[in-house]
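All residue numbers for the sequence shown refer to this note's numbering, where the first residue is 20 and numbers rise by one. What follows is one structure encoded as structure tokens, with my remarks underneath.
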Amino acid sequence: MISGTTELLAIVGSPIAQVKSPHNFNVWFERHGKDASMIPIDLDSGSVDQFIEAMRAWRNLRGCVVTVPYKQDMARRVDQLSDRAKALGCVNVIRREADGTLIGDMVDGDGFMNAARAHGFEPKGARALVIGAGGVGSAIAWSLCEHGATSITLTDLDASRTQRLRALLATHYPGVVTGSDFASLASFDLVVNASPVGMSGHEMLPLPPEQMATLNAGVLVADVVTSPDVTRFLEVAREAGCRIQTGAEMALAQFGNLGAFMKMTPLEA
Ligand code: NAD
Numbered sequence: 020m021i022s023g024t025t026e027l028l029a030i031v032g033s034p035i036a037q038v039k040s041p042h043n044f045n046v047w048f049e050r051h052g053k054d055a056s057m058i059p060i061d062l063d064s065g066s067v068d069q070f071i072e073a074m075r076a077w078r079n080l081r082g083c084v085v086t087v088p089y090k091q092d093m094a095r096r097v098d099q100l101s102d103r104a105k106a107l108g109c110v111n112v113i114r115r116e117a118d119g120t121l122i123g124d125m126v127d128g129d130g131f132m133n134a135a136r137a138h139g140f141e142p143k144g145a146r147a148l149v150i151g152a153g154g155v156g157s158a159i160a161w162s163l164c165e166h167g168a169t170s171i172t173l174t175d176l177d178a179s180r181t182q183r184l185r186a187l188l189a190t191h192y193p194g195v196v197t198g199s200d201f202a203s204l205a206s207f208d209l210v211v212n213a214s215p216v217g218m219s220g221h222e223m224l225p226l227p228p229e230q231m232a233t234l235n236a237g238v239l240v241a242d243v244v245t246s247p248d249v250t251r252f253l254e255v256a257r258e259a260g261c262r263i264q265t266g267a268e269m270a271l272a273q274f275g276n277l278g279a280f281m282k283m284t285p286l287e288a
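Shown next, in the form of structure tokens:
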């Protein structure tokens with residue numbers, strides 16, 4: 020129940036009806052008797068500046084989870100960024116300090132890594148293929164480098180995105196080998212779809228079936244898409260004997276990181 024004393028969190032994007040965070044957060048708040056609530060905000064694209072100003076002035080707002088399409092827009096407008104959010108040019112969480120200062124971070128990669136570790140994946144020394152070099156693909160690739168992966172192969176329909184991300188990783192993680200060429204999936208320890216391919220209504224694969232047929236059993240295959248829960252990509256991987264990780268698992272696994280950033284610890288799924 021929201022009352023006059025309730026502290027608010029928001030999730031902002033457009034569209035917003037599909038997001039699961041309000042449910043996850045509000046169930047947790049209720050279970051732990053916390054006088055807090057998360058609200059969804061479907062923001063008009065012409066009003067990002069006004070929204071940022073409103074956040075600065077909004078005293079009972081703890082912060083905001085940021086989703087598509089505002090991760091880059093908001094990163095340009097907050098007052099302070101973590102090193103990784105600055106490098107990636109992207110935020111998925113903003114905390115409001117008591118004086119109205121807005122601080123941004125990008126914890127998508129943490130969520131991915133928590134979920135992957137829970138599947139027994141060891142990032143140190145790993146060779147990974149990341150399909151999609153946009154916001155979430157960049158965060159995953161960064162996190163893999165941060166945790167000791169030795170090689171990251173990147174592929175995207177838009178070659179300029181792969182080039183930009185490779186250059187960024189080469190600057191911050193010069194020891195990691197990055198590439199874009201691969202014929203087979205046999206050499207990878209991890210294969211991640213970080214593109215929207217496979218969302219409900221688009222039952223496509225992000226890689227050709229001939230390439231999917233080269234997956235080795237036992238490899239971890241992950242998808243960032245949250246609906247459907249098990250995408251066609253994951254179904255094919257499972258049939259090939261691979262371990263699979265869903266987009267929902269990744270989203271849930273960053274719950275604790277979001278809570279810690281918002282200074283709402285301990286916040287666990
Ligand atoms: P984005 O638009 O920034 O990036 C998507 C990238 O995928 C683009 O660079 C695009 O060119 C590329 N792409 C599209 N089709 C492709 C294909 N066939 N092959 C290779 N690359 C292709 O979007 P984003 O913010 O990175 O989000 C991507 C997806 O991740 C969305 O579906 C989003 O809902 C989901 N997501 C999930 C979580 C989670 O916790 N599970 C978190 C954030 C985002």
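Here a beta-carbon is modelled for each residue, glycine too, at the ideal position from N, C-alpha and C. Given the structure is predicted, the values throughout are model-derived calculations rather than measurements.
Restricted to the segment 78-114, the alpha helix (DSSP H) segments that are unbroken, complete and at least 4 residues in length are 90-96, 102-107, listed in chain order.
Under a 10 Å Cβ-count criterion, K143 is classified as exposed, with fewer than 16 other Cβ atoms of the shown protein chains found around its own Cβ.
When DSSP states are grouped into helix, strand and coil, D118 belongs to the coil group. By the Cβ-count criterion, D129 is buried, with 16 or more other Cβ atoms from all chains shown falling within 10 Å of its own Cβ. Beta-bridge annotation (DSSP): G198 is paired with T172. Less than 8 Å separates the beta-carbon of T172 from that of S199. A direct Cα-Cα distance of roughly 17 Å separates E26 from T120. For A236 and R257, the gap between their C-alpha atoms comes out near 9 Å. Restricting attention to V249, S56, G23, the CA atom closest to the CA of G278 is found in S56. Looking at A135, A104, H138, S219, the one whose alpha-carbon comes closest to that of I122 is A104. The continuous beta strand (DSSP E) containing A29 extends over residues 26-32. Within the model, the alpha-carbon separation for A76 versus V240 is close to 43 Å. Cβ-Cβ separation between S246 and Q37: approximately 7 Å, consistent with a contact (criterion under 8 Å).
G167 carries a coil assignment under DSSP once its states are collapsed to helix, strand and coil.
With distances taken between CA atoms, K90 lies nearest to V67 out of M74, V67, N79.
Going by C-alpha positions, V85 is about 15 Å away from N43. For A147, the enclosing beta strand (DSSP E) has its first and last residue at 146-150. By the 16-neighbour rule on beta-carbons within 10 angstroms, E72 is exposed. A Cβ-Cβ distance of about 12 Å is found for the pair Q273 and A135, leaving them out of contact under the 8 Å criterion. If you look at Q182, you'll find it in the alpha helix (DSSP H) that goes 178-191. Relative to Y192, the option among K53, W161, R96 whose CA is nearest is W161. One Cα belongs to G32, the other to A168, and the distance between them is close to 32 Å. Sixteen is the threshold: when 16 or more other Cβ atoms of the shown chains lie within 10 Å of the Cβ of D124, as they do, the residue is buried. L176 has its Cβ nearer than 7 Å to a heavy atom of the ligand NAD.
If you ignore the 5 residues before and after I21, its C-beta comes within less than 7 Å of the C-beta of S56, all in its own chain and listed in chain order.
In the three-state scheme derived from DSSP, where H, G and I count as helix and E and B as strand, Q264 is classed as strand. A straight-line Cα-Cα distance of about 34 Å links K39 and T233. Here L226 is actually not in contact with A145; their C-beta atoms are around 19 Å apart, not less than 8 Å.
If you look at P59, you'll find it in the beta strand (DSSP E) that goes 55-61.
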